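For the sequence shown, position 96 matches number 299 in the working numbering, and the numbering has no gaps at all. Glycine included, every Cβ here is placed at the ideal spot set by N, Cα and C. Note that the structure is predicted; figures quoted are calculated from it, not measured. Worksheet: the structure to be examined is printed underneath.
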Amino acid sequence: MRRRSYAEAERHGRRAERLCMLMLRLKAYRILAHHWRCPAGELDIVARRGRTLAVIEVKARADYATAAESVSMRQQSRIAMATRQFIAARPNLAALDVRFDVMLVMPYRLPRHLESAWLPA
204 MRRRSYAEAE RHGRRAERLC MLMLRLKAYR ILAHHWRCPA GELDIVARRG
254 RTLAVIEVKA RADYATAAES VSMRQQSRIA MATRQFIAAR PNLAALDVRF
304 DVMLVMPYRL PRHLESAWLP A
């Protein structure tokens, strides 16, 4: 299997994020941000449904097992720090319940949404 260049991988990741955002909208989530960056890291998708603020990491891989294992503890920590900065910049979201999700994207399949994939450290 040929390795993708950085630009190809970036395009593939953005397509996966757009597919996930569409699916989230169909599930009645409101997208608040996507590809949000700060010094602590990057948040792929931040969405709200009711009193829940879902911070969603998108992983596009060849199979579910590889995708599910690809969110390291270090990455989880960076996502949690970035989430704190995101909420600090938007105090109106501070009272919401924060949940960390993962959406797994495989070729020719609908994304799989894993809610509460991990708890913040």
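With Met306 as the anchor, note down where its beta strand (DSSP E) starts and where it stops.
First-last of the beta strand (DSSP E) with Met306: 300-308.
With DSSP as the reference, identify every bridge partner of Glu260, one or two as the case may be.
Val305
Here's the rule: buried if 16 or more other CB atoms are within 10 angstroms of the residue's CB, otherwise exposed. What is Thr269?
With fewer than 16 Cβ atoms within 10 Å of its Cβ, Thr269 is classed as exposed.
Which value, in whole angstroms, describes the spacing of the CA atoms of Ala257 and Trp321?
12 Å
Going along the chain, which residues of its own chain have a beta-carbon closer than 8 Å to the beta-carbon of Leu195, five neighbours each way excluded?
Not covered by the structure: residue 195. The range shown for the chain is 204 to 324.
Can you check which of these residues, Pro294, Leu307, Tyr311, is closest to Cys223 by C-alpha distance?
Leu307
Can you tell me whether DSSP reads Gly244 as helix, strand or coil?
strand
If you draw a straight line from the alpha carbon of Ala219 to that of Asp247, how long is it in whole angstroms?
10 Å
Nearest by alpha-carbon distance to Ser319: which of Glu245, Ile259, Ala210 is it?
Of the listed residues, the one whose Cα sits closest to Ser319 is Ile259.
Excluding five sequence neighbours on each side, which residues of the same chain lie with their C-beta closer than 6 Å to the C-beta of His316?
Met306
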